[in-house]
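Number of protein chains: 2
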Amino acid sequence: MKDKQFLMIPGPTPVPERALLAMARHPLGHRSSEFSAIIQEVYQDLKWLFQTGEDVFIYTSSGTGAMEAAIFNLVNPGDKVLSLVIGNFSERWAKIAGMRGAEVEKINFDWGQAVDPDILRERLDQDINKEIKFVTLIHNETSTGVTNDVQTLAKIIREHGALSIVDGVTSIGAIPVKTDEWGIDVIVSGSQKGFMIPPGLAFLTCSPKAWKVYENCKNPSFYFNFGAYKKSVAENTTPYTPNVSLIVALRESLNMMKEEGLDGIYCRHAKLARMMRAGIRSMGLKLFVEDDNTASSVITAIYPPEGISVPDIRKTLNKDYDIVVANGQAKLKDKIFRMGHLGYVSERDVITALGALEASLAKLGYDAKKQAVSI
Amino acid sequence: MKDKQFLMIPGPTPVPERALLAMARHPLGHRSSEFSAIIQEVYQDLKWLFQTGEDVFIYTSSGTGAMEAAIFNLVNPGDKVLSLVIGNFSERWAKIAGMRGAEVEKINFDWGQAVDPDILRERLDQDINKEIKFVTLIHNETSTGVTNDVQTLAKIIREHGALSIVDGVTSIGAIPVKTDEWGIDVIVSGSQKGFMIPPGLAFLTCSPKAWKVYENCKNPSFYFNFGAYKKSVAENTTPYTPNVSLIVALRESLNMMKEEGLDGIYCRHAKLARMMRAGIRSMGLKLFVEDDNTASSVITAIYPPEGISVPDIRKTLNKDYDIVVANGQAKLKDKIFRMGHLGYVSERDVITALGALEASLAKLGYDAKKQAVSI
Numbered sequence: 002m003k004d005k006q007f008l009m010i011p012g013p014t015p016v017p018e019r020a021l022l023a024m025a026r027h028p029l030g031h032r033s034s035e036f037s038a039i040i041q042e043v044y045q046d047l048k049w050l051f052q053t054g055e056d057v058f059i060y061t062s063s064g065t066g067a068m069e070a071a072i073f074n075l076v077n078p079g080d081k082v083l084s085l086v087i088g089n090f091s092e093r094w095a096k097i098a099g100m101r102g103a104e105v106e107k108i109n110f111d112w113g114q115a116v117d118p119d120i121l122r123e124r125l126d127q128d129i130n131k132e133i134k135f136v137t138l139i140h141n142e143t144s145t146g147v148t149n150d151v152q153t154l155a156k157i158i159r160e161h162g163a164l165s166i167v168d169g170v171t172s173i174g175a176i177p178v179k180t181d182e183w184g185i186d187v188i189v190s191g192s193q194k195g196f197m198i199p200p201g202l203a204f205l206t207c208s209p210k211a212w213k214v215y216e217n218c219k220n221p222s223f224y225f226n227f228g229a230y231k232k233s234v235a236e237n238t239t240p241y242t243p244n245v246s247l248i249v250a251l252r253e254s255l256n257m258m259k260e261e262g263l264d265g266i267y268c269r270h271a272k273l274a275r276m277m278r279a280g281i282r283s284m285g286l287k288l289f290v291e292d293d294n295t296a297s298s299v300i301t302a303i304y305p306p307e308g309i310s311v312p313d314i315r316k317t318l319n320k321d322y323d324i325v326v327a328n329g330q331a332k333l334k335d336k337i338f339r340m341g342h343l344g345y346v347s348e349r350d351v352i353t354a355l356g357a358l359e360a361s362l363a364k365l366g367y368d369a370k371k372q373a374v375s376i
Numbered sequence: 002m003k004d005k006q007f008l009m010i011p012g013p014t015p016v017p018e019r020a021l022l023a024m025a026r027h028p029l030g031h032r033s034s035e036f037s038a039i040i041q042e043v044y045q046d047l048k049w050l051f052q053t054g055e056d057v058f059i060y061t062s063s064g065t066g067a068m069e070a071a072i073f074n075l076v077n078p079g080d081k082v083l084s085l086v087i088g089n090f091s092e093r094w095a096k097i098a099g100m101r102g103a104e105v106e107k108i109n110f111d112w113g114q115a116v117d118p119d120i121l122r123e124r125l126d127q128d129i130n131k132e133i134k135f136v137t138l139i140h141n142e143t144s145t146g147v148t149n150d151v152q153t154l155a156k157i158i159r160e161h162g163a164l165s166i167v168d169g170v171t172s173i174g175a176i177p178v179k180t181d182e183w184g185i186d187v188i189v190s191g192s193q194k195g196f197m198i199p200p201g202l203a204f205l206t207c208s209p210k211a212w213k214v215y216e217n218c219k220n221p222s223f224y225f226n227f228g229a230y231k232k233s234v235a236e237n238t239t240p241y242t243p244n245v246s247l248i249v250a251l252r253e254s255l256n257m258m259k260e261e262g263l264d265g266i267y268c269r270h271a272k273l274a275r276m277m278r279a280g281i282r283s284m285g286l287k288l289f290v291e292d293d294n295t296a297s298s299v300i301t302a303i304y305p306p307e308g309i310s311v312p313d314i315r316k317t318l319n320k321d322y323d324i325v326v327a328n329g330q331a332k333l334k335d336k337i338f339r340m341g342h343l344g345y346v347s348e349r350d351v352i353t354a355l356g357a358l359e360a361s362l363a364k365l366g367y368d369a370k371k372q373a374v375s376i
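Chain order of the listed sequences is A and B. Just so you know, we're using this note's numbering here: the first sequence kicks off at 2 and counts up by one. Just so you know, we're using this note's numbering here: the second sequence kicks off at 2 and counts up by one.
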């Protein structure tokens, strides 16, 4: 049967019907008063979602575009950037900063581990001349299914005096992010995640402290320019023709989020992860991240049982049960598979996924019942 | 009545139902074989549309993003860029190059005029030391409704040895563009124009000569990186999560374009412009661009009759006839209004727009019949 496919990857994620129907509307003129009223509402709601009093910029781009925006509006060639790397996505900050011409120092943690705050503190304590101007990190590392303690890390960075630049692509709208309260300087996100709409929009907010650094940036980005976007937010518009269809859809999904409430959203994701992890363990499978405290609420990485390959599991789930899950990335390719439970996902979806996984493994010769452990 | 609005602005432009319905589909996984097959087809068709044997990159961004891509992958700070300015959009190249740190020289032509090839040739002839590395220009200047003779200009630039960087945002898919035959080095475009889909994708293709210049670019863009996109085209994918919904819609609109054929598309737009201009003249109104040879096929700029304001005309057309037309930009604001006939527009639409304009002007006290001139 066609069109029955269900995405349980970490993005694109499922989109509610309200948002899909909005996508099918004729595009509005981006300088019309009707669109202006919509984007005004969206700008307000994004502040609520990011838990910030500062403006949230809407870029027509992938999440990586907002990452480029952060680096190309703040970092000058030669600036020293410390990158906290715990997987494939957190490493992207280091790559972008390197391309910008920054002097990048990486602290690598084992994939599957979170950043150890003590190691960060120790490194920053050594930096007595305050040469490190920026520390990049990720909130939720999608390649491994690990969540960093951003609250603690941002505090350590703030005490040193560097700017914290955070990838919140898979955390905003799914796990708690208190931008202002935690003192995060820059955080970015993307539309195809907690925002429950298709890919194509990215978001960024920056602190007054980061704004001062922007004002001294040489040759910043034109397309992602902080100044141009700030001016546009004040005028309920965007500097260039935005993806009006996605912004109209975003209004729908933000309305749904407000109906559920921030606590409701966060609790739902936490519960889905607990369900998923309990189910995986009860089948006798091994989780890539054993530690429940650092395990992500939005994606679960799982080792295949011995003798059964990741491609076979993915193929069976896709072909027989119309469920798409992700492979491991880079050095984890074919070593783990990853099931997303991010955005428009309910308990029923997790039960479905677990049932389909059990049935797939049975077809591939694994007897989950026999291996089952009590939880 | 709601939802009856018809856009006759130069973008977003009307979107055919086939493309709108594709937008409403659940997003595909961007690494799935299904999506891979779709983007492979789209990449092929874009080469046809751009009339090039080189790859066409698909950026998830506004058209301005592709302009940034061109400058931030080719121009080094300090490089000399010559910008041919005939209006608000052609001036954007100069702004982006300036932000990149280039040494920018502008040749300004009167708004409403096309670039005079002799003036360009003269300036380049003076550049005996070949200091000018890039010449930026626009194909169709949307702010004034003027089309440059890109074929002639690109030839002059090629003979000098500089790279030609062309804004084809409102020309590709509407008026003839022979990228390879004309020797254009870089040309960019955007989805909400001739491509007949909503805003959110941008396109860029570059010549082998431009590619060599890219390879010597210091600190290029990461998000728009030529190398990353070229590698991805070869693998029928994109470097970062693209706007899958728009790419699926683009396949639909490209199929429609292939059914019509390039000549069919070009002739239709040329005919729509002739109809529009004849209709405007027959009402006794004055065209902003009198010269039929440089007048754009996709947008017509019109002076209001004496004593009637541009805002009143736009308001009446919008409120009473559900037709949205554009104001003038920058120094032309409230001096002219502009009617787009770009993309998914038929002869019926032009007749409708002319009829509604005549009726609107009558309500505002202008008697078109009395002013009518024979054409």
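Each residue gets a CB set at the ideal place from its N, CA and C atoms; glycine is no exception. Computed from a predicted model, the values in this text were never measured in an experiment.
For the set B/Gly366, B/Gly88, B/His31, the Cα lying nearest the Cα of B/Ser310 is the one of B/Gly366.
Close to B/Pro243, with beta-carbon spacing below 9 Å, are these residues of chain A in chain order: Ser63, Pro200, Gly201. Across the segment 221-237 of chain A, CB contacts with chain B closer than 9 Å involve Pro221, Ser222, Phe223, Tyr224, Phe225, Asn226, in sequence order along the chain. Of the other Cβ atoms in all chains shown, fewer than 16 fall within 10 Å of the Cβ of A/Cys268; this residue is therefore exposed. Distance between B/Ile281 and B/Asn141, taken at the CA atoms: about 20 Å. DSSP places B/Tyr304 in the coil class of the three-state scheme, outside both helix and strand.
Under the Cβ criterion (8 Å, minimum of three pairs), the segment 331-339 of chain B counts as touching the segment 127-147 of chain B. With respect to A/Asp181, A/Ala211 sits apart: the two C-beta atoms are not nearer than 7 Å. Distances from the alpha-carbon of A/Val299 to those of A/Leu83, A/Phe51, A/Gly195 put A/Gly195 closest. If you ignore the 5 residues before and after B/Arg315, its C-beta comes within less than 7 Å of the C-beta of Val326, Asn328, Phe338, all in its own chain and listed in chain order. The beta carbon of B/Leu21 falls within 7 Å of a beta carbon belonging to chain A, placing the residue at that interface. Note that the C-beta distance between B/Ile166 and B/Phe204 is not below 7 Å.
Judged by their CB atoms, B/Met24 and A/Met257 are not nearer to each other than the 7 Å cut-off.
In chain order, Trp112 place their CB closer than 8 Å to the CB of B/Lys332, counting only its own chain and leaving out the 5 sequence neighbours on each side. In this structure, A/Glu106 and A/Leu83 form a Cβ contact; the two beta carbons are roughly 5 Å apart against a cut-off of 8 Å.
At a Cβ-Cβ threshold of 7 Å, A/Ser283 and A/Ala373 count as neighbours. For A/Arg19, there is no enclosing beta strand (DSSP E); the enclosing alpha helix (DSSP H) covers residues 18-24.
Burial state of B/Trp94 is buried, judged by a 10 Å Cβ sphere holding 16 or more other Cβ atoms. Secondary structure note for B/Leu47: its alpha helix (DSSP H) is the uninterrupted segment 34-51. Apart from the 5 residues on each side of it in sequence, B/Lys364 sits with its Cβ closer than 8 Å to the Cβ of Thr317, Asp321 in its chain, given in chain order. Against chain A, the beta carbon of B/Ile40 has no neighbour under 7 Å; the closest one sits roughly 13 Å away.
In the structure shown, B/Met284 adopts coil according to DSSP, grouped into three states.
Using beta-carbon distances, B/Gly366 does not count as an interface residue toward chain A, since no partner is under 7 Å. Nearest neighbour of B/Thr242 by Cα position, chosen from A/Leu8, A/Phe7, A/Gly12, turns out to be A/Gly12. Given a length threshold of 4 residues, each whole run of the alpha helix (DSSP H) inside the segment 203-266 of chain B is given here in chain order: 209-216, 227-235, 245-261. Between B/Asp117 and A/Gly64, the alpha-carbon positions lie close to 42 Å from each other. Under the three-state reduction of DSSP, A/Lys320 is assigned to helix.
A/Lys81 is bridged by DSSP to A/Glu104, A/Ile133. For B/Ser246, a Cβ of chain A is located within less than 7 Å of the residue's own Cβ. When 7 Å is used as the limit between beta carbons, B/Leu8 is near these residues of chain A: Gly30, in chain order. By the Cβ neighbour-count rule, B/Asn149 is buried, with 16 or more other Cβ atoms within 10 Å of its own.
Within chain A, the residues Asn220, Phe223 have their CB atoms less than 8 Å from the CB of B/Arg101, given in chain order. A distance below 7 Å between beta-carbons, with the five flanking residues on each side excluded, links A/Phe73 to the following residues of its chain, in chain order: Arg101, Pro221, Ser222, Phe225. A distance below 6 Å between beta-carbons, with the five flanking residues on each side excluded, links B/Gly184 to the following residues of its chain, in chain order: Ala155, Arg159. Assigned with DSSP and collapsed to three states, A/Phe338 falls in strand. Taking C-beta separations shorter than 6 Å and ignoring five residues to either side along the sequence, the partners of B/Glu253 in its chain run Arg19, Ala20, Ala23, following chain order.
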